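First up is the structure itself, then whatever we jot down about it.
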Amino acid sequence: MSKIPVIIDVDTGIDDAMALVLALQSDKLEIRGITTVAGNQTIEKTTRNTIDVVEYFGRGEIPVAMGASQPLVRPQIIAAYAHGESGLGTAVLPKAEKQPEELDAVSFIKKVLEESEEKITLVPTGPLTNIAILLKAYPHIKDNIKEIVLMGGGAFQGNSNATAEFNIFADPEAASVVFNSGVKLVMCGLDVTMKALVTPDEVAQIKAIGNKAGDFIAEALEFYMAMYKKNANFIGCAVHDAVTITYLIAPELIKTRQGIAKVDIDGKDSYAATICDFRPWRDKEKDNALVGVDIDREAFVKLLMDACKNY
Ligand code: RIB
Ligand code: CA
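Counting from 495, one number per residue, gives the positions in the sequence shown under the working numbering.
Spelled out as structure tokens, the structure:
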């Protein structure tokens, strides 16, 4: 079976790193490039973390291009409370020599898409700033995109507030551009990612693998679990971003619903909410998204553990 060509856009962060650990070892993906955006931390830190993760897991040949340092309109918010000052919790990786590409993220994605003989899947796991700029600056480029499999939003829940999820809340105007673009979306929002839970016992099993991947992931997830416990008295943590890669390499583990998804940029309390219309009598011609609603949690955790063992 041919590999799926992808460009992954990250704000590495702990769960972005988990998504990369899954993607970098998968024989089902052809990673044409990785781009970075500010979100969990500043653009300098998310880029540094991304390069260090890619190098550490032996895929230094994959180009990494640095992207947007700020959201399009709203004041910047950074999720240091969730991912720590470095963006990777207390986990420390060797500093890679590798530098980001000369091209910025948007120019890089444009170049790769235009030069590709086949359509490419974009996999954003942070704020959608880079993707929005790409679609606005080069509208024709939509024809080179197969679909956008994103972590973001929530049909029935938020985390940054009652209705907004962080990746959308960090740049709602960018998300609105992407959701209104007409490109087919797979929205891996909180409805599915909050079920992609890893328990303390499973993190201990990852640690017991006893290799570099297990050590790194266990330490990063221990920090993430401590944040969930402190902020929500929650046992375990949700590995949000890894759900996007899971959808691509093991789609049978994810249940989705088709509907119309858009981003509210006009509301007050609902600002940055992802409004998902699943009504049977909706205008189905306007369907633009498959929205993740469930995951086989045990199989997801096994996928993560097996990925660790492959390093
Ligand atoms: O709401 C979860 C999302 O926000 C994840 O992408 C996490 O990395 C943070 O960016
Ligand atoms: Ca992220």
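The beta-carbon is built from N, C-alpha and C at its ideal position, and this holds for glycine as well. Since we're looking at a predicted model, the values are computed, not measured.
Note down the Cα distance separating Pro806 from Thr768, rounded to an integer number of angstroms.
Missing from the structure shown is residue 806; the chain here goes from 495 to 805 and no further.
Would you list, in sequence order, the uninterrupted alpha helix (DSSP H) runs of no fewer than 4 residues that lie entirely inside the segment 570–622?
You should have 574–577 and 599–609.
For a minimum of 4 consecutive residues, which ranges assigned as the alpha helix (DSSP H) are wholly contained in the segment 625–668?
660–663
What residue does the alpha helix (DSSP H) around Asp800 start on, and which one ends it?
Counting from 1 along the sequence shown, the entry for residue 800 is found at position 306. Segment Arg791 to Lys803, the alpha helix (DSSP H) holding Asp800.
Could you please go through the chain and list the residues whose beta-carbon is closer than 6 Å to any non-hydrogen atom of ligand 1?
Asp505, Gly507, Asp509, Asp510, Gly533, Asn534, Ala573, Thr619, Gly620, Met645, Asn653, Glu659, Phe660, Asn661, His734 and Asp735
Mind the definition here: the segment 573–586 touches the segment 715–731 only if three or more C-beta pairs lie below 8 Å; say whether that holds.
Yes, the segment 573–586 is in contact with the segment 715–731.
Mapping DSSP to helix, strand and coil, what is Thr768?
By 1-based counting over the sequence shown, the position of residue 768 is 274. Strand at Thr768.
Which whole-angstrom value is the C-beta distance of Val547 and Leu587, which I expect to be below 8 Å?
For this step, residue 547 is matched to residue 53 along the sequence shown. For this step, residue 587 is matched to residue 93 along the sequence shown. With 8 Å as the limit, Val547 and Leu587 qualify as a contact, their Cβ atoms being about 7 Å apart.
Run through DSSP, which three-state label would Asp503 get?
By one-based count along the sequence shown, residue 503 stands at place 9. In the displayed model, Asp503 falls within a strand according to three-state DSSP.
Give the straight-line distance between the Cα atoms of Gly761 and Phe717, rounded to the nearest whole angstrom.
Residue mapping note: residue 761 aligns to position 267 of the sequence shown, counting from 1. Residue mapping note: residue 717 aligns to position 223 of the sequence shown, counting from 1. So the alpha carbons of these two residues sit roughly 34 Å apart.
Take the Cβ of Ile525 as the centre, count every other Cβ of all protein chains shown within 10 Å, and call the residue buried at 16 or more, exposed below.
For the purposes of this step, residue 525 is identified with residue 31 of the sequence shown, where counting begins at 1. Buried, by the Cβ-count rule.
Is the Cβ-Cβ distance between Asp509 and Thr530 less than 8 Å?
As a working note, residue 509 is residue 15 in the sequence shown. As a working note, residue 530 is residue 36 in the sequence shown. Cβ atoms of Asp509 and Thr530: not closer than 8 Å.
Going by DSSP in three states, Thr536 sits in which element: helix, strand or coil?
On the sequence shown, residue 536 is found 42 positions in, with the first residue counted as 1. It is coil, neither helix nor strand.
Given this structure, state the Cα-to-Cα distance separating Leu706 from Asn534, to the nearest angstrom.
Here the question's residue 706 lines up with position 212 in the sequence shown. Here the question's residue 534 lines up with position 40 in the sequence shown. Sequence check: residue 706 is Lys here, not Leu. Computed Cα separation, rounded: 23 Å.
Return the CA-CA distance between Asp777 and Ser670, expressed in angstroms with no decimal places.
What you label residue 777 is simply residue 283 of the sequence shown in a count that begins at 1. What you label residue 670 is simply residue 176 of the sequence shown in a count that begins at 1. Taking the straight line joining both Cα atoms gives about 19 Å.
Name the two residues that bound the continuous alpha helix (DSSP H) containing Thr524.
For the purposes of this step, residue 524 is taken as the residue at position 30 of the sequence shown. The question names Thr, but residue 524 is Glu in the sequence shown. First-last for Glu524: Leu523 to Thr530, but that is the beta strand (DSSP E), not the alpha helix (DSSP H).
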